[in-house]
Amino acid sequence: ADARKGLELGTVAVENTVPVGKGGTGRTDGRVVFSELGVQQASALYNVQGLYMGWNSTGTGEGHFIVNRGGGAGGFTWRSVNGANTATGPSMSYSYDGLLSVPSLTVTAAPIAIASGGTGGNSQTTARNALGVGPGQAPTFGGIELSNTSPYIDFHYNNTAADYDVRLINQASGVLTLQGAMLVTGRMESAGTWCRAGLSAGRGGTVYNYNWTGSNVDVWIDNTYVGTMTLFGSDYRFKKYIAAAKVPSYLDRIDAYRIVTYQRKIFGAVFSGDGTT
1 ADARKGLELG TVAVENTVPV GKGGTGRTDG RVVFSELGVQ QASALYNVQG LYMGWNSTGT
61 GEGHFIVNRG GGAGGFTWRS VNGANTATGP SMSYSYDGLL SVPSLTVTAA PIAIASGGTG
121 GNSQTTARNA LGVGPGQAPT FGGIELSNTS PYIDFHYNNT AADYDVRLIN QASGVLTLQG
181 AMLVTGRMES AGTWCRAGLS AGRGGTVYNY NWTGSNVDVW IDNTYVGTMT LFGSDYRFKK
241 YIAAAKVPSY LDRIDAYRIV TYQRKIFGAV FSGDGTT
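Residues 1 to 277 in full-length UniProt numbering are what the sequence shown lists, from first letter to last.
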C-alpha cells in the first residue's frame, strides 16, 4: 500500500472475477455470455475437437461454423428451449454426411420447384398438376399396382359426380369384376365362359366354348367335346327357286314313317351311355 501511495497509483481493488466490461469473462467456470461476438479471421484450432466460428478462410468474405467431431458422429443441431430450459421444441439437425432434417417446413415464397426436389405446388391440386397427375391430365406409367382389401379403379364418364359410372374391382381372389356394361369393338379371346342358370343365378364350376369347324359349331364344356350345336332354320329362309320335282310319287316312303313318343334324358346321361353298342 505504501509503495502504491509513493508511486501515486492510488488503491487497487482485488476482484474474484473480472467483469466483461474490464476485459474479463465475468465468470470463473470458463463459460461466458456476450452481448455481441465478432470473428475476423480463421481459427487455428480446427484440428481439435470442438465447435468453432471462423472467417474468410477461402478469401471470399464468408463466415464459417465448424464442428470437429473427433471420434463422434459430428453434425449440428438447432433447437429452442423455454426460459427455464426445462422444455424444448423440435430440433433441426445437419449430419456430418450432409443430411438436413427439419421437423416441418413452410415456404412463404414461391413453391419449391420440381428441379430442386419440390412438388412445384403449395397445395395438393397445384402439386398434382405440376407433377403431371392432375385430374385433367393423362400421365403415362410403365406399370401400376393396386394393393388393398378390394382394390378398384373408378371411371367417371363426363366428369360425373356419382361414386362411379363404371368400376373395375378385384373383390374376390383371382376375379376382376367389371361393374357396368362392356362394349368390345375388336375381337375377344376367352379361355371359357362360366356357366350359370340364368341371369340371377350364381356361376357354376364349369365353362363352355364354341368352335366353328367350317361346317358346324361344336360345343365344349371345359375340355370335353359334348356335341354339335343345331341351328334351326326353314326352307323359306335357306332356299330359293323352289319348284316341284318331276319324279314318281313318294307316298310309299311317307307311309313308312314311324310315329313315336319319347322322353328326354337327364343331360349327364347323354354322355355316360346306357350300355347299348
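Even glycine gets a Cβ: it sits at the ideal position worked out from N, Cα and C. Computed from a predicted structure; not experimentally measured.
Put simply, the backbone Cα of residue 203 is about 20 Å away from that of residue 150.
Across the structure, residue 100 and residue 73 are spaced so that their CA atoms are roughly 14 Å apart. Beta-bridge analysis with DSSP links residue 203 to 196. Shortest Cα-Cα distance from residue 136 to any of 128, 143, 142 involves 128.
DSSP places residue 167 in the uninterrupted beta strand (DSSP E) bounded by 166-172. Here DSSP, grouped into helix, strand and coil, assigns residue 116 to helix. Between the beta-carbon of residue 68 and that of residue 46 there is about 6 Å, and that keeps the pair under the 8 Å contact cut. In the three-state DSSP reduction, residue 228 falls in the strand class (E or B).
Counting only residues of its own chain and dropping the five nearest sequence neighbours on each side, residue 89 has a CB closer than 7 Å to the CB of 79, 80.
8 Å or more divides the Cβ of residue 178 from the Cβ of residue 170. Shown here for residue 207: same chain residues with a beta carbon closer than 8 Å to its own, the five before and five after excluded, namely 191, 192, 193, 194, 195, 221, 222 in chain order. Look at residue 49 here: in three-state DSSP terms it is coil, with no helix or strand label. Considered as a whole, the region 108-159 harbours 152-155 as its complete beta strand (DSSP E) runs of no fewer than 3 residues, in chain order.
The DSSP-derived three-state label of residue 76 is strand. Taking 8 Å as the cut-off, the Cβ atoms of residue 96 and residue 75 count as close.
Ranking 182, 164, 105, 66 by CA distance to the CA of residue 48 puts 66 first.
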